[in-house]
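Undergrad: Counting from 1 along the sequence shown, just add 42 to a position and that's the residue number in the numbering used here. Note that the Cβ used here is the ideal one computed from N, Cα and C, for glycine as well.
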Amino acid sequence: MIHLDTLEFGLFKKYMVKGFTSSLAVARLDALKPYYALEKIEKYKSELAEALGYVTVSDVNVSSDAEFIALMPKLNDPLLFLEPDELLIFSAFFKNVSRIKKELLDFGVKDLKNYLSDISTLSEITDRIDETVNDKGELKDTASSKLAGIREDLRNVRKQIQRELANVFAMNSASKFVQEQVITERSGRFTIPCKTNFKQYIQGIVHDRSASGQTFFVEPSSTVGMNNNLQEYLALEREESVRILKEIADSIFQNHDRMETSVKAYTEVAFHLETALFYKGRGYIFPEFS
């Protein structure tokens, strides 16, 4: 079509995309082809005009969704399991979708409302993620009552170990076999750095030694049982953490269809907003057809 070559449609898309922040909108623009049907053109005009009206009076922020797109293939797996940081990515995306949906509805959009009606914000899942994962990507103690109890036991046994090791440091003979009064961790067990002659003064298990061979990292016999308890609680913590994360992942997969529909609808919304932002402040004229 000669007239399309004249318009340099592909080149114009490359110019437009430079200002896009949503990867979903970028993909939508990349797939865009010229419309020929008048009804479709008029529909797009109405939607874009509404988006332009919104961005003209609103402080619009279309967030990057690149991390969520990278996560999407994993969300199709029936054996889905997500790490805490991945749950935060999922939650951040749908919170952003929820924010944009609310702002557009509050603005009173009509033509874009068809897309918004297909968007499920999955707030029941994002709320659960908020209750479970902190901003650092760690499971909160309050993620479950069982996890809270296990972590309380962990804190108590760690205090017991630290008190017992402090007693070792307080021994009259400590200066003769303790290399440095610090508590270190080796193979998940609390140890103290000892001189090579430590066996003359205390009994314990050597878990590591320094490169020079002059320092042994020793777990005193008096803390072996405590360290064993610590390992048991850590195993229980891992088990409960996995259960919690799998439970959330299962709920995400069970809502897979809602999620896909929402992403598809949001893609259209993001594309219209990004396009409107591109035209904002530029001279433009909508074509009229008779």
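So within the segment 211-237, which uninterrupted beta strand (DSSP E) runs reach at least 3 residues, ignoring any that extend past its ends?
TA: The segment 211-237 contains these whole beta strand (DSSP E) runs: 226-228 and 231-236.
Undergrad: My parser needs the alpha helix (DSSP H) runs of 4 or more residues fully inside the segment 66-135; what are they?
TA: The qualifying runs are 80-99 and 108-117.
Undergrad: Taking only three categories from DSSP, how would you classify Glu261?
TA: DSSP places Glu261 in strand when its eight states are reduced to three.
Undergrad: Cutting at 8 Å between CB atoms, please list the residues of its own chain near Phe199, excluding the five before and the five after it.
TA: Here residue 199 is Val; the residue named in the question, Phe, does not match the sequence. Excluding residues within five positions, the ones whose Cβ falls inside 8 Å are Met268, Asn271, Leu272 and Tyr275.
Undergrad: Quickly, what does DSSP pair Leu146 with across the bridge? List them, please.
TA: Beta-bridge pairing links Leu146 to no other residue.
Undergrad: So is Pro262 buried or exposed if we call it buried at 16+ other beta carbons inside 10 Å?
TA: When all chains shown are included, Pro262 counts as buried.
Undergrad: Could you pull out every residue in the same chain whose Cβ sits closer than 6 Å to the Cβ of Glu310, ignoring the five residues on either side in sequence?
TA: Counting only Cβ-Cβ distances below 6 Å, and skipping sequence neighbours, we find Tyr157.
Undergrad: Under 8 Å, do Ser187 and Glu282 count as touching if we go by C-beta distance?
TA: For Ser187 and Glu282, no; Cβs fall outside 8 Å.
Undergrad: When you compare each of Gly246, Leu287 and Phe62 to Leu125 by their alpha carbons, which one comes out closest?
TA: Note that residue 125 is Glu in the sequence shown here, rather than Leu. Checking every option, the nearest Cα to that of Glu125 belongs to Leu287.
Undergrad: Excluding the five sequence neighbours on either side, which residues of its own chain have a C-beta within less than 6 Å of the C-beta of Thr257, listed in chain order?
TA: If we look at Thr257 and ignore the five residues flanking it on each side, its Cβ neighbours are Gln221 and Pro235.
Undergrad: Which same chain residues, not among the five before or five after Leu319, have their C-beta less than 8 Å away from its C-beta?
TA: Hits under 8 Å: Gly61, Val97, Val102 and Val104.
Undergrad: Tell me whether Ile247 sits in a helix, a strand or coil according to DSSP, three-state version.
TA: Correct three-state label for Ile247: strand.
Undergrad: Quickly, what does DSSP pair Leu181 with across the bridge? List them, please.
TA: DSSP lists Val175 as partners of Leu181.
Undergrad: Taking C-beta to C-beta, are Glu316 and Ala73 nearer than 8 Å?
TA: Contact: no.
Undergrad: Answer with buried or exposed for Arg70, where buried requires no fewer than 16 other C-beta atoms within 10 angstroms of its C-beta.
TA: When all chains shown are included, Arg70 counts as buried.
Undergrad: Look up Arg324 in the DSSP assignment and say whether it is helix, strand or coil.
TA: Reduced to three states, the DSSP call for Arg324 is coil.
Undergrad: What are the start and end residues of the alpha helix (DSSP H) that includes Val284?
TA: Element bounds for Val284: Val266 to Gln296.
Undergrad: Could you compute how far the alpha carbon of Leu154 sits from the alpha carbon of Tyr86?
TA: Rounded to whole angstroms, Leu154 to Tyr86 spans 10 Å at the Cα level.
Undergrad: Quick one: using the 10 Å Cβ neighbour count with 16 as the cut-off for buried, is Thr238 buried or exposed?
TA: Exposed: under 16 other Cβ atoms inside 10 Å.
Undergrad: In three-state terms, what does DSSP make of Phe313?
TA: Helix at Phe313.
Undergrad: Near Lys143, which residues of its chain fall below 7 Å by C-beta distance, leaving aside the five closest residues on each side in sequence?
TA: Within the same chain, Lys143 has close Cβ partners Leu158, Ile161 and Thr163.
Undergrad: Are the Cβ atoms of Pro120 and Phe313 separated by less than 8 Å?
TA: The answer is no: Cβ separation not under 8 Å.
Undergrad: Confirm, please, whether the CB-CB distance from Glu92 to Lys152 is below 8 Å.
TA: Yes, the Cβ-Cβ distance between Lys152 and Glu92 is below 8 Å.
Undergrad: Could you check the C-alpha separation between Thr226 and Phe240 for me, to the nearest Å?
TA: When rounded, the distance between both Cα atoms is 16 Å.
Undergrad: Taking C-alpha atoms, which residue in Gly52, Glu50, Ser88 and Ser264 lies nearest to Gln202?
TA: Here the closest residue by C-alpha is Ser264.
Undergrad: How about Glu145 and Ser106: are their beta carbons less than 8 Å apart?
TA: No; because the gap between Cβ atoms is not below 8 Å, this pair is not in contact.
Undergrad: Helix or strand or just coil, what does DSSP make of Gly52?
TA: In the structure shown, Gly52 sits in a helix (DSSP, three-state: H, G or I).
Undergrad: Might you give, ordered along the chain, the residues of its own chain that have their beta carbon closer than 8 Å to the beta carbon of Thr184, omitting 5 neighbours on each side?
TA: If we look at Thr184 and ignore the five residues flanking it on each side, its Cβ neighbours are Glu173 and Ala190.
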